[in-house]
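**Q**
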Amino acid sequence: MARKAKRTSNPPSVLPFEQPIEDVRSRLLELEELAEQTTHDLSEELSFYRERLKRLTQEVYSNLSPWNRVQVARHPKRPLTGDYVEYLCQEFVELHGDGQFGDDRAIVTGFATIRGHRVMVIGHRKGRNTKERLACHFGSAHPEGYRKALLKMQLAERMALPIVCFVNTPGAYPGVGAEERGQARAIAENIYKMFRIKVPIIALLIGDGGSGGALGIAIADRVAMLENSWYSVISPEGCASILWRSAEGKEKAADALKLTAESMLGLGLVDEIVDEPVGGAHAHPKQSMDLVGDFLDLQLTHLGQLPIDDLLANRYRKFRNIAQIEAKIEKQAQSNAQLKGQATPNPSPVVPGEPDSSGPVRRTPGSPRNRRRT
Amino acid sequence: MGWGRLRKKKDIPGGLWTKCKDCGALIYTKEFVQNMHVCPKCGFHHTVFGRRRIEITADPGTFAERFTDLRPTDRLDFVDTVSYAEKIEKAQEKTGQTDACIAGTCQIEGHDVVLAVLDFCFMGGSMGEVVGEKLALAIELAEELKQPIIIFSASGGARMHEGAISLMQMAKTCAALQKFAAAGGFSISIMTNPTTGGVTASFASVCDLMIGEPKALIGFAGPRVIQNTIQQDLPEGFQRSEFLLEKGQLDKIVSRPDMRAMIAQILRYTPRGRNHQSA
Ligand SMILES: [Zn+2]
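Residue numbers (the numbering used here), protein chains in the order written: chain V, 255 to 628; chain D, 6 to 284.
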């Protein structure tokens, strides 16, 4: 169900709801310039505007609608897979090709070292300028992209390297060639086979999480979403064009689909939210990427300590029982127990002396909400 | 021949005559139903509702339905022009089903199998939590009974009204099939008109065998979406079974009247089927 938004022009770097913030920011910049040229003491005015900027940003960003989040997720200055690779990886050895048909630029793969961890990186690539964007089909991969990802994941498995997936796609590419070469089957096989990849897998949604195209590289032991990313069965535009029969319905669709990180965590569909600095990742890219680095470091350390059989059992159980209502889970566990003649239903393997399977708790200052699945 | 038309007009057999949706021929309804809803003039396979599919697939009187207590819930409070809760109710009234999947055990020419059928008449056969859960339970039942599973799909894909809960059913069904295959299970996916989106991109494409009914629309993205994206006319026969077979995406195309016999013939090659005393 991939539907792509028609993009006539590049989106503006100041989002409509950010305009009041931008106004204060430019006022502050003017003042700062003035302060350098004059001997008058403007420190009081300066601190007033700085405080105002901070508060306004906080206010705006704590009241974002789901559609606003989608806009932030697609902000032209938001860090992309390539930025994470460049900023977080001490080194990166890109690997190309699916070994069968071609090299899809919409998915990048390669060996990387992140904070000392040697890993295989898989990520959707959107491109920064128009030329790159066209070459990457705006982050919509073809079957060869998914097959390339799978091939490199299988290589990582043979080399005992953990896998880090950066998910950022409006959806898999809807086109004649994509269908001819088995788009559906390529995605299905990735989902199917990722349950058996015998190394830790981490998936992080960094922007758009469009449908099967996202899920095709997101079967993971730890699935996290950046605070302003979205994840859904269909893009809000696609949903709107079907149900509301107009693109104007996209805001309503974004509401209805419950696609924000907060909603996804609440529904038990992802494991964790990785915070962004107030004002979004595009406003403070380095700070935001540092937080992602912390998250990956912690998870790679943690998952690397778990026995691989437990890891696979947990991965299976998580998706098998995903988002089930409590009563159903119990029922399922009971019938499973009956099947296998077990005394205790659904025991989650906990290694003595190790952190439990729910993972280490990352401290995020000033965040009273529950940001992790319990 | 867009499948959208199938949804609009519900000239489901009721009158004396039925009009073929492909060639327009008027067919005596009794003959049409007897012919398994296949046009005797042009061979077009019309969509059949779930119960009828079971009727023409299972040996008479052998189907025992399972997992009937699962009911869909509107967990997102999804509202477009009407609420999802209302849509569920209407679909239940129309079809007499709780959701778009019917599953159970049966025999096909004497072979014990688990059979799961997606009913296109229930919200376009779309996959939400109940469909995904039922499929997973059916696959697990097949594993427990050491029987093959046969899955008939007719679906527009994942159900939008359950948001990412629907999306995760793709993962759930693939997880169950992966475990089933690892335990030595054998699975056949039969894709009928239409099978698209999240259904094609999950369980329907990772079974041991993928079979299509003639001229069935099978694909990831719907033809209209593709047309909107590329702004070009689509090639003749694009995304039809014959096209997929040519591109190497299907193992076989089997016409509806031959389907039972073909399933049985294939099952005789499974370890269990080889020992089966077939009539
Ligand atoms: Zn006809």
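For glycine and all other residues, C-beta sits at the position ideal for the given N, C-alpha and C.
Check the Cβ-Cβ distances between serine 602 of chain V and every residue of chain D, and say whether any is below 7 Å.
**A** Locating residue 602 of chain V in the first sequence gives position 348, counting from the first residue. Reliability fails at serine 602 of chain V, whose pLDDT of 42 lies under 50, so the model's placement of it is uncertain and no value is given.
**Q** State the Cα-Cα distance for the pair arginine 58 of chain D and isoleucine 156 of chain D, rounded to the nearest angstrom.
**A** Taking the first residue of the second sequence as 1, we reach residue 58 of chain D at position 53. Taking the first residue of the second sequence as 1, we reach residue 156 of chain D at position 151. Roughly 11 Å between the two C-alpha positions.
**Q** Going straight from the alpha carbon of serine 207 of chain D to that of histidine 371 of chain V, what length do you get?
**A** Against the second sequence, residue 207 of chain D aligns to sequence position 202. Against the first sequence, residue 371 of chain V aligns to sequence position 117. So the alpha carbons of these two residues sit roughly 32 Å apart.
**Q** Quick check: what's the CA-CA separation for proline 599 of chain V versus asparagine 575 of chain V?
**A** Reading the first sequence from its first residue, position 345 is the one you call residue 599 of chain V. Reading the first sequence from its first residue, position 321 is the one you call residue 575 of chain V. Caution applies to proline 599 of chain V, whose pLDDT of 39 falls short of 50 and renders its modelled position unreliable; the value that the coordinates give is listed next. Going by the C-alpha atoms only, they are around 13 Å apart.
**Q** Ligand 1 and phenylalanine 49 of chain D: does the residue's C-beta get closer than 6 Å to at least one heavy atom of that ligand?
**A** Locating residue 49 of chain D in the second sequence gives position 44, where the first residue counts as 1. Because some heavy atom of ligand 1 lies under 6 Å away, the Cβ of phenylalanine 49 of chain D counts as near it: yes.
**Q** Taking only beta carbons into account, state which residues of the stretch 66–98 of chain D come closer than 7 Å to chain V, listed in chain order.
**A** The stretch 66–98 of chain D vs chain V, Cβ under 7 Å: Leu81, Phe83, Val84 and Asp85.
**Q** How about glutamine 183 of chain D: is its C-beta nearer than 7 Å to some C-beta of chain V?
**A** Counted from its first residue, the second sequence places residue 183 of chain D at position 178. Yes, because at least one Cβ of chain V sits closer than 7 Å to the Cβ of glutamine 183 of chain D.
**Q** What number of angstroms, rounded off, separates the C-alpha of lysine 151 of chain D from the C-alpha of arginine 273 of chain D?
**A** The residue labelled residue 151 of chain D in the question sits at position 146 within the second sequence. The residue labelled residue 273 of chain D in the question sits at position 268 within the second sequence. Roughly 15 Å between the two C-alpha positions.
**Q** Which residues does DSSP pair with leucine 459 of chain V in a beta bridge?
**A** To locate residue 459 of chain V, count along the first sequence from 1; it is residue 205. According to DSSP, leucine 459 of chain V bridges with V:Val421 and V:Met479.
**Q** Any C-beta of chain V sitting closer than 7 Å to the C-beta of isoleucine 235 of chain D?
**A** In the second sequence, residue 235 of chain D corresponds to position 230, counting from 1. It does: the Cβ of isoleucine 235 of chain D has a partner Cβ on chain V nearer than 7 Å.
**Q** Looking at C-alpha atoms only, which residue of V:Glu481, V:Thr311, V:Ile455 and V:Pro561 is the closest neighbour of leucine 404 of chain V?
**A** Along the first sequence, read from residue 1 onward, the residue named residue 404 of chain V stands at position 150. Taking only the C-alpha atoms, the option nearest leucine 404 of chain V is V:Ile455.
**Q** With glycine 217 of chain D as the anchor, note down where its beta strand (DSSP E) starts and where it stops.
**A** By one-based count along the second sequence, residue 217 of chain D stands at place 212. Run containing glycine 217 of chain D: 214–217, per the beta strand (DSSP E) assignment.
**Q** Could you tell me the distance, in whole angstroms, from the CA atom of isoleucine 496 of chain V to the CA atom of alanine 209 of chain D?
**A** Taking the first residue of the first sequence as position 1, residue 496 of chain V is located at position 242. Taking the first residue of the second sequence as position 1, residue 209 of chain D is located at position 204. Straight-line Cα distance between these residues: approximately 24 Å.
**Q** With a threshold of 7 Å between beta-carbons, can phenylalanine 302 of chain V be considered close to chain D, or not?
**A** Along the first sequence, one-based indexing puts residue 302 of chain V at 48. No - not a single Cβ of chain D is within 7 Å of the one on phenylalanine 302 of chain V.
**Q** Nearest CA to the CA of glutamate 70 of chain D: which residue from D:Ala108, D:Ser171 and D:Glu251?
**A** Sequence index remark: in the second sequence, residue 70 of chain D carries index 65 (1-based). Cα-wise, what sits closest to glutamate 70 of chain D is D:Ala108.
**Q** Since I believe valine 532 of chain V is in contact with leucine 545 of chain V (beta carbons under 8 Å), could you give me their beta-carbon distance rounded to a whole number of angstroms?
**A** Stepping through the first sequence from its first residue, residue 545 of chain V is reached at position 291. Stepping through the first sequence from its first residue, residue 532 of chain V is reached at position 278. That pair is no contact at about 12 Å.
**Q** Start and end of the beta strand (DSSP E) containing alanine 108 of chain D?
**A** Taking the first residue of the second sequence as 1, we reach residue 108 of chain D at position 103. Where alanine 108 of chain D is concerned, the enclosing beta strand (DSSP E) stretches over 106–113.
**Q** What does leucine 239 of chain D reach in chain C if we use C-beta pairs closer than 8 Å?
**A** Absent here is chain C; the protein component of the structure consists of chains V and D.
**Q** At a cut-off of 6 Å, would you count aspartate 263 of chain D as near ligand 2, judging by its Cβ distance to the nearest heavy atom?
**A** Of the ligands this structure carries, namely ligand 1, none is ligand 2.
**Q** If the cut-off is 7 Å on Cβ atoms, which residues from the stretch 153–175 of chain D count as contacting chain V, listed in chain order?
**A** Cβ contacts with chain V: Gly162, Ala163, Met165, Gly168, Ala169, Ile170, Ser171, Leu172, Met173 and Met175.
**Q** Spell out whether any CB of chain D is found under 7 Å from the CB atom of phenylalanine 449 of chain V.
**A** The count along the first sequence starts at 1 and reaches residue 449 of chain V at position 195. Answer yes: the Cβ-Cβ gap between phenylalanine 449 of chain V and chain D drops below 7 Å somewhere.
**Q** Using the beta-carbon of each residue, which ones in chain D are nearer than 7 Å to methionine 518 of chain V?
**A** One-based indexing of the first sequence puts residue 518 of chain V at position 264. Result: Ala169.
**Q** From V:Leu480, V:Ile441, V:Arg382 and V:Gln408, pick the residue whose C-alpha is nearest to that of alanine 535 of chain V; which is it?
**A** One-based indexing of the first sequence puts residue 535 of chain V at position 281. When each option's Cα is compared against that of alanine 535 of chain V, the closest is V:Leu480.
**Q** Does DSSP put asparagine 383 of chain V in a helix, a strand or coil?
**A** Translated into positions along the first sequence, residue 383 of chain V becomes position 129. Correct three-state label for asparagine 383 of chain V: coil.
**Q** Can the beta-carbon of threonine 62 of chain D be found less than 7 Å from the beta-carbon of phenylalanine 191 of chain D?
**A** In the second sequence, counting from the first residue as 1, residue 62 of chain D sits at position 57. In the second sequence, counting from the first residue as 1, residue 191 of chain D sits at position 186. Not in contact: threonine 62 of chain D and phenylalanine 191 of chain D (Cβ atoms no closer than 7 Å).
**Q** Any idea what DSSP makes of valine 487 of chain V, helix, strand or coil?
**A** Against the first sequence, residue 487 of chain V aligns to sequence position 233. Coil.
**Q** Quick one: is the Cβ of lysine 24 of chain D within less than 6 Å of any heavy atom of ligand 1?
**A** Mapped onto the second sequence, residue 24 of chain D falls at position 19. No, since every heavy atom of ligand 1 falls outside the 6 Å radius drawn around the Cβ of lysine 24 of chain D.
**Q** Can you give me the C-alpha to C-alpha distance between lysine 406 of chain V and leucine 415 of chain V, rounded to a whole angstrom?
**A** Along the first sequence, read from residue 1 onward, the residue named residue 406 of chain V stands at position 152. Along the first sequence, read from residue 1 onward, the residue named residue 415 of chain V stands at position 161. Cα-Cα distance, rounded: 10 Å.
**Q** Quick check on glycine 20 of chain D: buried or exposed, where buried means 16 or more other Cβ atoms within 10 Å of its Cβ?
**A** In the second sequence, residue 20 of chain D corresponds to position 15, counting from 1. By the 10 Å Cβ count, glycine 20 of chain D comes out exposed.
**Q** Could you tell me whether the Cβ of alanine 226 of chain D comes closer than 7 Å to any Cβ of chain V?
**A** For the purposes of this step, residue 226 of chain D is taken as residue 221 along the second sequence, with counting starting at 1. Closer than 7 Å to some Cβ of chain V, the Cβ of alanine 226 of chain D qualifies, so yes.
**Q** Answer with yes or no whether the minimum CB distance from phenylalanine 573 of chain V to chain D is below 7 Å.
**A** The residue you call residue 573 of chain V lines up with position 319 of the first sequence. Answer yes: the Cβ-Cβ gap between phenylalanine 573 of chain V and chain D drops below 7 Å somewhere.
**Q** Kindly say whether isoleucine 258 of chain D, judged by its beta-carbon, lies nearer than 7 Å to any beta-carbon of chain V.
**A** For the purposes of this step, residue 258 of chain D is identified with residue 253 of the second sequence, where counting begins at 1. Not an interface residue.
**Q** Is the distance from the Cβ of histidine 378 of chain V to the Cβ of glycine 364 of chain V below 7 Å?
**A** One-based indexing of the first sequence puts residue 378 of chain V at position 124. One-based indexing of the first sequence puts residue 364 of chain V at position 110. Going by C-beta atoms, histidine 378 of chain V is not nearer than 7 Å to glycine 364 of chain V.
**Q** Would you say alanine 159 of chain D and leucine 123 of chain D are within 7 Å of each other, going by their C-beta atoms?
**A** On the second sequence, position 154 is the one that residue 159 of chain D refers to. On the second sequence, position 118 is the one that residue 123 of chain D refers to. The answer is yes: Cβ separation under 7 Å.
**Q** Using 8 Å for Cβ pairs, my map puts cysteine 493 of chain V next to methionine 165 of chain D. What's the rounded Cβ distance?
**A** Counting from one through the first sequence, the residue named residue 493 of chain V turns up at place 239. Counting from one through the second sequence, the residue named residue 165 of chain D turns up at place 160. Contact flag correct, Cβ pair sits at about 6 Å.
**Q** Within the 7 Å Cβ cut-off, does valine 211 of chain D reach chain V?
**A** Along the second sequence, one-based indexing puts residue 211 of chain D at 206. Interface residue, yes.
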